[in-house]
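Position one of the sequence shown corresponds to residue 1 (UniProt numbering), numbered consecutively onward.
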Amino acid sequence: MGRMVNDATSSNINSKMEVVSLNNIPYFCLFALREIKAGEEILYDYGEKNMHWRKELSKNNCLYFCYVFNCFRGKKRRKPFPIR
Numbered sequence: 001m002g003r004m005v006n007d008a009t010s011s012n013i014n015s016k017m018e019v020v021s022l023n024n025i026p027y028f029c030l031f032a033l034r035e036i037k038a039g040e041e042i043l044y045d046y047g048e049k050n051m052h053w054r055k056e057l058s059k060n061n062c063l064y065f066c067y068v069f070n071c072f073r074g075k076k077r078r079k080p081f082p083i084r
C-alpha cells in the first residue's frame with residue numbers, strides 16, 4: 001500500500017491513518033477525508049522531516065512501511081499486521 005500513498009504536507013492531505021482493532025488485532029486503516037477522484041493522488045502526511053525514522057530511511061534506502069515492519073537495524077524482523 002505504501003507505494004500507492006504519497007507523502008504530503010498537512011495542508012494538502014486527503015487521507016488519514018488510524019489504528020482499528022478487530023478481535024484484538026490492530027490494523028492500520030487509511031481513510032479518505034474527502035471524495036478522491038479517479039486518477040487523483042492519495043496524499044498522507046508521513047510526519048515531520050526530522051523524525052527519527054525518516055533519517056533512517058535515507059540510510060537504509062527502504063520505503064516507510066518496510067522500515068516500520070522490517071528494517072529495525074538488524075533486530076528480529078516483525079511481520080506486518082494481517083491484511084484481510
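In this text, a Cβ means the ideal position worked out from N, Cα and C, and glycines have one as well. Keep in mind that this is a model prediction, so the values were computed, not measured.
Contacts around residue i, its chain only, beta-carbon distance under 8 angstroms, and the 5 residues preceding and following it disregarded
i, result
"R12", "It is Asn, not Arg, that sits at residue 12 in the sequence shown. Within the same chain, N12 has close Cβ partners L43."
Cβ distance (whole Å) where residue i is taken to contact residue j below 8 angstroms
i, j, result
"K16", "F28", "That pair is no contact at about 11 angstroms."
"N6", "E41", "5 angstroms"
"N50", "I36", "The Cβ separation is near 29 angstroms, so there is no contact."
Boundaries of the beta strand (DSSP E) in which residue i is found, first to last residue
i, result
"L22", "S15 to L22"
"D7", "V5 to D7"
"L30", "I25 to A32"
Cβ neighbours of residue i in the same chain (closer than 6 angstroms, five flanking residues each side left out)
i, result
"V20", "Y27 and C29"
Cβ-based neighbour list, residue i, same chain, cut-off 7 angstroms, excluding 5 preceding and 5 following
i, result
"M4", "I42"
"E18", "C29 and F31"
Beta carbon proximity, residue i to chain C, threshold 8 angstroms
i, result
"Y27", "Looking at the structure shown, chain C is missing, and only one protein chain is on hand."
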